[in-house]
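Each remark here refers to the structure printed beneath this line.
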Amino acid sequence: MIRIKGFYFNGRSSKSYPAILEYDGTEIRIQSDEGPILLNGSDLAVSMDIIPELGNTGRAILFSDGSRFETPDPEGVTLLEKTLGLNKFARIVGFFENQWKMVLACFVGLAGVTLGFISFGIPFIAKDIAFRLPQTVIQKISREAENILDQRFFEPSRLDDKIKNDIRQVFDSMVKDMNSNQAFSLVFKKSRFPVANAFALPSGMIIVTDMLIESLEDIREIEGIFIHETAHVIHRHGIRSVIQNTGVVLLVSLLVGDLASITSFSATIPTLLLESGYSRKFETEADEAVGNYFLSKNQSLKFYEDILIRITKDHPGLKGTEFISTHPETQRRIDHLRKLVL
Amino acid sequence: MELSTEQNSSSDLERYPIKFAGEAGEYFRIWIVNMFLTVVTLGIYGAWAKIRTRRYFYAHTIIDGHPFDYLADPVSILKGHLIVGMVFVSFALSENFLTPTYKLIVMVLFYLVLPFLIYKSICFYTHNSSYRNIRFHFDGSLWESYQLFLLLPVLIPITLGLYFPYWSYLKKRWFFENSAFGTTYNKFTGKAKPFYRMYGLVFLQVLLMVTVIFLLAFISAALAGLSFRNPSQSPGNHFYEGFILVAGLYILMICGFSLIQQYLFVRMTNYCWQESRIGDVTIKSRLKVQQLFWISLSNIAAIVFSIGLLIPWAKIRRARYVLSCMTVETNVSLDDFTSNHAADVTAIGDAATDFFDFDIGL
Numbered sequence: 000m001i002r003i004k005g006f007y008f009n010g011r012s013s014k015s016y017p018a019i020l021e022y023d024g025t026e027i028r029i030q031s032d033e034g035p036i037l038l039n040g041s042d043l044a045v046s047m048d049i050i051p052e053l054g055n056t057g058r059a060i061l062f063s064d065g066s067r068f069e070t071p072d073p074e075g076v077t078l079l080e081k082t083l084g085l086n087k088f089a090r091i092v093g094f095f096e097n098q099w100k101m102v103l104a105c106f107v108g109l110a111g112v113t114l115g116f117i118s119f120g121i122p123f124i125a126k127d128i129a130f131r132l133p134q135t136v137i138q139k140i141s142r143e144a145e146n147i148l149d150q151r152f153f154e155p156s157r158l159d160d161k162i163k164n165d166i167r168q169v170f171d172s173m174v175k176d177m178n179s180n181q182a183f184s185l186v187f188k189k190s191r192f193p194v195a196n197a198f199a200l201p202s203g204m205i206i207v208t209d210m211l212i213e214s215l216e217d218i219r220e221i222e223g224i225f226i227h228e229t230a231h232v233i234h235r236h237g238i239r240s241v242i243q244n245t246g247v248v249l250l251v252s253l254l255v256g257d258l259a260s261i262t263s264f265s266a267t268i269p270t271l272l273l274e275s276g277y278s279r280k281f282e283t284e285a286d287e288a289v290g291n292y293f294l295s296k297n298q299s300l301k302f303y304e305d306i307l308i309r310i311t312k313d314h315p316g317l318k319g320t321e322f323i324s325t326h327p328e329t330q331r332r333i334d335h336l337r338k339l340v341l
Numbered sequence: 000m001e002l003s004t005e006q007n008s009s010s011d012l013e014r015y016p017i018k019f020a021g022e023a024g025e026y027f028r029i030w031i032v033n034m035f036l037t038v039v040t041l042g043i044y045g046a047w048a049k050i051r052t053r054r055y056f057y058a059h060t061i062i063d064g065h066p067f068d069y070l071a072d073p074v075s076i077l078k079g080h081l082i083v084g085m086v087f088v089s090f091a092l093s094e095n096f097l098t099p100t101y102k103l104i105v106m107v108l109f110y111l112v113l114p115f116l117i118y119k120s121i122c123f124y125t126h127n128s129s130y131r132n133i134r135f136h137f138d139g140s141l142w143e144s145y146q147l148f149l150l151l152p153v154l155i156p157i158t159l160g161l162y163f164p165y166w167s168y169l170k171k172r173w174f175f176e177n178s179a180f181g182t183t184y185n186k187f188t189g190k191a192k193p194f195y196r197m198y199g200l201v202f203l204q205v206l207l208m209v210t211v212i213f214l215l216a217f218i219s220a221a222l223a224g225l226s227f228r229n230p231s232q233s234p235g236n237h238f239y240e241g242f243i244l245v246a247g248l249y250i251l252m253i254c255g256f257s258l259i260q261q262y263l264f265v266r267m268t269n270y271c272w273q274e275s276r277i278g279d280v281t282i283k284s285r286l287k288v289q290q291l292f293w294i295s296l297s298n299i300a301a302i303v304f305s306i307g308l309l310i311p312w313a314k315i316r317r318a319r320y321v322l323s324c325m326t327v328e329t330n331v332s333l334d335d336f337t338s339n340h341a342a343d344v345t346a347i348g349d350a351a352t353d354f355f356d357f358d359i360g361l
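Residue numbers (numbering that gives the first Met the number 0), protein chains in the order written: chain Y, 0 to 341; chain E, 0 to 361.
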């Protein structure tokens with residue numbers, strides 16, 4: 000016989016009647032000033048809802064007629080739950096929550112799964128989607144990106160035709176050499192801000208800024224840059240980047256999602272960290288393509304190193320800020336390349 | 000002192016301080032298991048987790064020995080989550096993949112749907128809140144929601160912001176005067192003028208903060224400019240020094256905004272409860288800006304430095320303070336409220352979103 004002392008609410012008013020709930024194995028009887036309430040054995044699972052345990056609170060049972068039984072005695076209700084075989088899943092969850100060892104296991108599991116998503120899950124899915132995207136979509140995205148870049152950052156190039164032709168010759172012969180299914184094109188632009196850089200759009204269009212060409216001391220320096228940028232295209236880094244970043248935002252909002260605004264500012268920090276992490280990985284992949292190319296041609300990396308150092312000279316990276324930067328530190332890039340080639 | 004017209008009720012005012020029995024350690028365990036199960040199920044358990052969280056806070060909020068309860072059905076919340084998730088993904092991808100016209104269409108659609116979501120959210124959240132087995136409910140209409148959240152906001156830019164405090168007053172009034180505990184409606188006697196006073200002060204605070212930040216930025220830029228003239232330092236280093244400076248000012252700005260946010264919350268909450276009356280029950284709210292600001296700031300710091308692990312502690316701490324400042328006062332018995340079965344039946348039960356957090360009040 001299970002006996003629980005508590006309060007009964009009849010579902011019509013807020014009045015609480017001191018009550019005693021008894022279960023004798025077949026029926027539930029609630030005795031109070033409201034008169035005895037009887038629930039039959041066969042109906043029990045259907046006509047009542049034992050609210051699962053929730054920390055150190057009292058318990059409550061809801062009945063299908065809208066009435067409610069509350070009690071500060073959790074043990075009696077737990078016993079009732081077990082005897083009737085109710086709330087199995089909730090009881091398992093409750094078991095996890097009540098033991099610090101289990102909580103620790105959950106924490107480790109949580110960290111593991113989250114890291115797994117970040118290191119493998121998200122990049123894997125992004126790669127899969129990126130390589131399934133049809134060319135029409137890729138062309139469209141690239142056109143949109145080019146429009147935005149032209150609007151905000153670029154003007155027509157002011158380089159000499161001779162220089163442009165020379166560079167183009169190098170480019171064309173490299174592309175021919177690559178013998179890839181991917182179509183590439185080369186475009187020269189002047190950037191509104193003084194930037195010596197090259198960009199690759201998913202469609203295969205490589206953009207180089209005037210300042211980059213002007214900073215070349217040997218025409219062979221541009222080769223490594225072309226390999227690096229075409230690698231971005233071949234491996235679809237641009238698209239994978241966008242998908243991965245969306246995934247990161249989803250993951251972070253899953254984790255902090257049910258919380259108030261005090262935490263939303265702190266959520267941008269992990270998002271930023273993760274996104275720049277992914278970016279650095281892609282940059283390294285592109286650098287590796289450069290290393291492999293020169294290795295296969297038995298040529299020196301020197302020209303690529305020279306131009307890398309020259310164009311990143313103005314922002315070498317203050318020690319310690321690499322974790323939020325989109326490119327690895329220049330010296331690290333060079334060291335990594337040298338290790339590949341050795 | 001109220002003079003009661005009822006013959007039988009006592010003229011003694013009973014005070015029931017609101018007790019919060021939640022504990023950080025206990026909630027932390029629930030929170031970790033929630034997170035673990037949510038991530039492992041790719042977010043599906045999130046609906047159950049959300050209900051469990053809200054239920055935890057409700058069940059530990061106790062008046063006169065009886066707790067609150069949250070009775071939501073997890074499946075409704077799950078449906079809501081799936082819809083919101085899909086909308087988010089399509090919006091995020093449209094950011095990068097679609098033309099500006101598409102983006103515009105998505106944004107317009109979002110604003111058209113928002114009042115509907117807010118309305119459903121309030122109805123769902125109030126209907127599923129109960130105390131002593133009597134459900135609360137919200138009696139506002141969908142049309143009122145559209146007026147409030149789609150039409151009237153247009154007036155804000157038109158009046159260069161002068162309409163904003165009045166709009167804020169209308170929102171609070173809509174929520175407070177349409178809320179009911181069973182058959183007993185809340186009477187809201189608030190006026191717009193106090194809102195203007197509150198926002199006026201907030202505006203001054205914002206001006207002060209922006210001025211201070213600008214001055215600091217100006218001074219540090221001037222100092223940096225002096226060191227720039229030093230030829231032995233390459234320009235590259237200054238890019239990163241500048242970055243650290245900007246980060247510092249950003250943090251300062253966050254603190255400033257937090258203070259202003261807490262100030263507004265304290266004043267509005269205290270005022271709205273002061274002007275509310277549920278039958279013969281009033282709720283006294285005595286929040287203090289200083290204390291809440293301190294709690295808020297230290298919570299943010301704790302969360303950032305613990306990489307989020309102290310989030311449960313922060314939530315409990317804030318809830319404990321806010322509820323400790325509230326007292327239920329009445330000269331009638333809390334036993335005398337009746338439930339509103341008609342409203343219970345017509346309440347929405349399908350897909351639901353739950354946008355609101357505990358700070359909105361009981």
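Backbone N, C-alpha and C define an ideal beta-carbon position, used for all residues, glycine too.
Let me confirm a value: residue i is counted as buried when at least 16 other C-beta atoms fall within 10 Å, else exposed. Which label applies?
| i | result |
| --- | --- |
| residue 384/E | Lying before the first or after the last residue shown, residue 384/E is absent from chain E, which here runs from 0 to 361. |
| residue 154/Y | exposed |
| residue 68/E | buried |
| residue 245/E | exposed |
| residue 209/Y | buried |
| residue 205/Y | buried |
| residue 225/Y | buried |
| residue 17/E | buried |
| residue 339/E | buried |
| residue 175/Y | exposed |
| residue 109/E | exposed |
| residue 9/Y | buried |
| residue 334/Y | exposed |
| residue 243/Y | buried |
| residue 49/Y | buried |
| residue 49/E | buried |
| residue 67/Y | buried |
| residue 305/E | exposed |
Leaving out five residues on either side along the sequence, give the residues of the same chain with a beta carbon under 6 Å from the beta carbon of residue i.
| i | result |
| --- | --- |
| residue 293/Y | 300 |
| residue 359/E | Bear in mind that a pLDDT of 31 at residue 359/E, under 50, signals an unreliable position, so the number given afterwards is only what the model happens to contain. Excluding residues within five positions, none has a Cβ falling inside 6 Å. |
| residue 199/Y | 205, 228, 231 and 232 |
| residue 279/Y | 327 |
| residue 223/Y | 289 and 303 |
From what residue to what residue does the beta strand (DSSP E) around residue i run?
| i | result |
| --- | --- |
| residue 326/Y | It is not in any beta strand (DSSP E) - residue 326/Y carries neither H nor E in the DSSP assignment. |
| residue 20/Y | 16-22 |
| residue 59/E | Looking at the DSSP string, residue 59/E is not in any beta strand (DSSP E), and its letter there is neither H nor E. |
| residue 289/E | First-last for residue 289/E: 288-304, but that is the alpha helix (DSSP H), not the beta strand (DSSP E). |
| residue 15/E | 13-16 |
| residue 180/E | 178-180 |
| residue 325/E | 325-329 |
Residue i: which of the options sits nearest, CA to CA?
| i | options | result |
| --- | --- | --- |
| residue 160/Y | 295/Y, 333/Y, 187/Y and 91/Y | 187/Y |
| residue 161/E | 199/E, 178/E and 144/E | 199/E |
| residue 311/E | 13/E, 29/E, 178/E and 20/E | 29/E |
| residue 34/E | 37/Y, 82/Y, 97/Y and 109/Y | 109/Y |
Considering only residues of the same chain and omitting the five flanking positions on each side of residue i, which have a CB-CB separation below 8 Å?
| i | result |
| --- | --- |
| residue 259/E | 201, 204, 205 and 208 |
| residue 23/E | 311, 312, 315 and 316 |
| residue 319/E | 19 and 21 |
In the DSSP assignment, find the unbroken alpha helix (DSSP H) run with residue i in it and report its ends.
| i | result |
| --- | --- |
| residue 166/Y | 160-177 |
| residue 134/Y | 134-151 |
| residue 24/E | 23-39 |
Who are the Cβ neighbours of residue i in its own chain at under 7 Å, not counting the five residues just before and after it?
| i | result |
| --- | --- |
| residue 257/Y | Only weak support exists for where residue 257/Y lies, its pLDDT of 45 falling under 50; the value from the coordinates is given anyway. The answer is none, since no qualifying residue turns up. |
| residue 221/Y | 166, 169 and 215 |
| residue 178/E | 125, 135, 137 and 185 |
| residue 212/E | 248, 251 and 252 |
**Q.** Short-range partners of chain E found in the segment 163-177 of chain Y, where Cβ spacing is below 9 Å
**A.** none
**Q.** Chain-ordered residues of the segment 47-66 of chain E with a beta carbon less than 8 Å from chain Y
**A.** 48, 49, 51, 52, 54, 55, 58, 59, 65 and 66
Q. Of the residues that make up the segment 150-176 of chain E, which ones have a beta carbon closer than 9 Å to any beta carbon in chain Y?
A. none
Q.
Can you pull out the residues from the segment 310-344 of chain E whose beta carbon lies closer than 9 Å to at least one beta carbon of chain Y?
A. 310, 313, 314, 317, 332, 333, 334, 335, 336, 337, 338, 340 and 343
Q: Using a Cβ-Cβ cut-off of less than 9 Å, list which residues of the segment 127-140 of chain E approach chain Y; keep chain order.
A: 129, 130, 131, 132 and 133
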